[in-house]
Amino acid sequence: MASSSKTEQKKMLILKSSEEEEFEIEESIAVQSGTIKNMVEDDFTLIPLPNVDTETLIKIIKYMKKHGEKTKSNEKDIEEFDKEFVKKSFTELKELVLAANYLHITSLIDLLCQAFADRIKNKSVKAIREIFGIPNDFTPEEEAEVYEQHKWAHEEGKEHIDHSAY
Amino acid sequence: MADEEAKIEARPIHNWAELTQLCLINILSRLSIEDLWRNARFVCKHWFQACKDPKLNSVIDLETQFRESDNESRSNPEFEQKIDSMIRSVVGWSDGSLTHVRVKHCSDRSIALIAERSPNLQVLSIPSCPHVTDKAMSEIAFGCPLLSELDISFCYQISHRSLALIGQHCPSLRILRRNLMTRLFPSEQESFLRPHHGDYEAAAIGKFMPQLVQLELRFSPMTSKGLALISEGCVNLEHLDLFGCTNVTSRDIANASSSLKKLKTLKKPNLSLESNTERYGHWQLYDDRFQTDFFRI
Chain Y
1 MASSSKTEQK KMLILKSSEE EEFEIEESIA VQSGTIKNMV EDDFTLIPLP NVDTETLIKI
61 IKYMKKHGEK TKSNEKDIEE FDKEFVKKSF TELKELVLAA NYLHITSLID LLCQAFADRI
121 KNKSVKAIRE IFGIPNDFTP EEEAEVYEQH KWAHEEGKEH IDHSAY
Chain S
1001 MADEEAKIEA RPIHNWAELT QLCLINILSR LSIEDLWRNA RFVCKHWFQA CKDPKLNSVI
1061 DLETQFRESD NESRSNPEFE QKIDSMIRSV VGWSDGSLTH VRVKHCSDRS IALIAERSPN
1121 LQVLSIPSCP HVTDKAMSEI AFGCPLLSEL DISFCYQISH RSLALIGQHC PSLRILRRNL
1181 MTRLFPSEQE SFLRPHHGDY EAAAIGKFMP QLVQLELRFS PMTSKGLALI SEGCVNLEHL
1241 DLFGCTNVTS RDIANASSSL KKLKTLKKPN LSLESNTERY GHWQLYDDRF QTDFFRI
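Going down the list, the sequences are from chains Y and S. Under this note's numbering, the first residue of the first sequence carries the number 1, and numbering increases by one thereafter. Under this note's numbering, the first residue of the second sequence carries the number 1001, and numbering increases by one thereafter.
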């Protein structure tokens, strides 16, 4: 992270949420976002983010600020921050990962994807659908066929098709 | 300097279903194989397709699925078919990205398929595959030049010929496990008890695998001749496991250890009930219990 010396004026950017709210942030911190970095290289200082709502943008700025001050001594501190950061509702995480993806903040994308993976580990098909709010778009016939093709994945005697889950 | 507002197209991406493929693959890549194959795959059609991404199919690792005690019950045709189906599917989806395979009880066909489609294979661990032959292993030798780890323990249709070919065509091989069993064998395995077979294998290893770092040859019937060939040829060896090798004497072992300059650990043939693994900082030369030639055939 390139950080300007204290004697120089720190270059500031303005990020604008989809709800038109503006937030000032140091350029050196904001360029953790690949998307913002590109725009800065094209000389923009006011950066509208029509895909990110205010609430989500505030969280992302908080993340970038914390990770912007990363040094060798505060690694544990940042780990704790990350742990707390993902203790959010599923909807919030969803908004965050969409925004992080759009903004190309790699470390945040990885953090959020790991949080999602942790939530669906060892969960059944039905449970995963419920957590993600994903409808089953297999017809009963398609589902049976797919299970048949992948018989090798199932333990002998265990039935994984839950026909009540439509 | 203009305070220009960047012109960006507003593209609403609030739909979870539109979550980019990369994100979904990222999430799925953090799941265990069981979660992927048994649950994630069947969530919906989008996830079904996503699970076929090569990034999610570069490793086949069933090691956790196999417990030692299950060995007997699993060696039946149905189980082998299951393993084969799985390998066939994953190799297809891997699109050449397969790097690690750890299975048991697969067929010769599966190995040939892996050899054909996996030029990036680094680890092949297939202990207890009684139907895998030299033919399929020769295809591995030619098809997988990046192989660095190989386990063909308890595979009784694979001979020293495979070891020679692999040694010649896989210059990156660092780890070789070629352990045999101690318990009573079915008759086809008896030939493996003969010392000269052990020596042929040792000769192939010594001649063609100078870059080996770790070697396991538990219960090999090789004699002092075989061990000498290994010590001459495998100059980079750091870890050697000779547990159960009853045809080598402690003198043979002493000679081997002094030839192998980089040796860090050596498990001796010691069949007593005491601990059979000893680590040597300084080499300890003689083990009284093994002065006997009693087991020489």
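All C-beta atoms in this analysis are idealised placements derived from N, C-alpha and C, irrespective of residue type, glycine included. Since this is a predicted model, take the numbers as computed values, not measurements.
Rounded to the nearest whole angstrom, the CA to CA distance from Glu95 (chain Y) to Glu145 (chain Y) is 35 Å.
Listed along the chain, the chain Y residues whose CB falls inside 8 Å of the CB of Leu1031 (chain S) are Ala117, Ile120, Lys121.
Between Gln1122 (chain S) and Leu1146 (chain S), the C-beta gap is smaller than 8 Å, which places the two residues in contact.
When DSSP states are grouped into helix, strand and coil, Asp1095 (chain S) belongs to the coil group.
One thing to note: Glu21 (chain Y) has its Cβ no nearer than 8 Å to the Cβ of Thr71 (chain Y).
Per the DSSP secondary-structure output, Leu1124 (chain S) pairs in a beta bridge with S:Val1101, S:Leu1150.
Chain Y has no Cβ within less than 8 Å of the Cβ of Trp1093 (chain S). Met1137 (chain S) and Lys1045 (chain S) have their C-alpha atoms spaced approximately 37 Å apart. With contacts defined by Cβ atoms closer than 8 Å, Ala30 (chain Y) and Met64 (chain Y) form a contacting pair. DSSP places His150 (chain Y) in no beta strand (DSSP E); its state is neither H nor E. In the assembly as shown, Arg1102 (chain S) is a buried residue. Its beta-carbon has 16 or more other beta-carbons within 10 Å. By alpha-carbon distance to Lys11 (chain Y), the top candidate from Y:Thr45, Y:Ser18, Y:Asn38 is Y:Thr45. In the structure shown, the three-state DSSP call for His1169 (chain S) is helix. Put simply, of S:Leu1024, S:Leu1176, S:Gln1021, S:Ser1058 the residue whose alpha carbon is nearest the alpha carbon of Ile1033 (chain S) is S:Ser1058.
When only Cα atoms are considered, Ile120 (chain Y) and Gly34 (chain Y) end up about 29 Å apart. Taking 8 Å as the threshold, the shortest C-beta distance from Val1213 (chain S) to chain Y does not fall below it. The DSSP assignment places no complete beta strand (DSSP E) segment of no fewer than 3 residues inside the region 76 to 120 of chain Y. Nearest CB-CB separation between Gln32 (chain Y) and chain S: not below the 8 Å threshold.
In the structure shown, Phe1079 (chain S) adopts helical secondary structure according to DSSP, grouped into three states. Counted as a single uninterrupted DSSP element, the stretch harbouring Met1181 (chain S) is not any beta strand (DSSP E), since DSSP gives it neither H nor E. Looking at the DSSP output, Asp1241 (chain S) shares a beta bridge with S:Glu1216, S:Lys1267. Ser1148 (chain S) sits close to Ile1175 (chain S), with the two beta carbons spaced by under 8 Å. The residue from Y:Glu143, Y:Cys113, Y:Glu24, Y:Glu27 with its alpha-carbon nearest to that of Val86 (chain Y) is Y:Cys113.
Taken through DSSP and simplified to helix, strand or coil, Phe1048 (chain S) comes out as helix. At a C-beta separation below 7 Å, Ile1027 (chain S) has these neighbours in chain Y: Cys113, Phe116, Ala117. Under a 10 Å Cβ-count criterion, Gln149 (chain Y) is classified as exposed, with fewer than 16 other Cβ atoms of the shown protein chains found around its own Cβ. Going by DSSP, Phe23 (chain Y) is part of the beta strand (DSSP E) stretching over 22 to 26.
Counting along the chain, Ile14 (chain Y) sits inside the beta strand (DSSP E) bounded by residues 12 to 16.
Per DSSP, reduced to three states, the secondary structure at Asp42 (chain Y) is coil, with no helix or strand assignment. Taking the Cα of Asn1247 (chain S) as reference, the smallest distance to any Cα among S:Ile1114, S:Gly1096, S:Ile1087, S:Arg1194 is reached at S:Arg1194.
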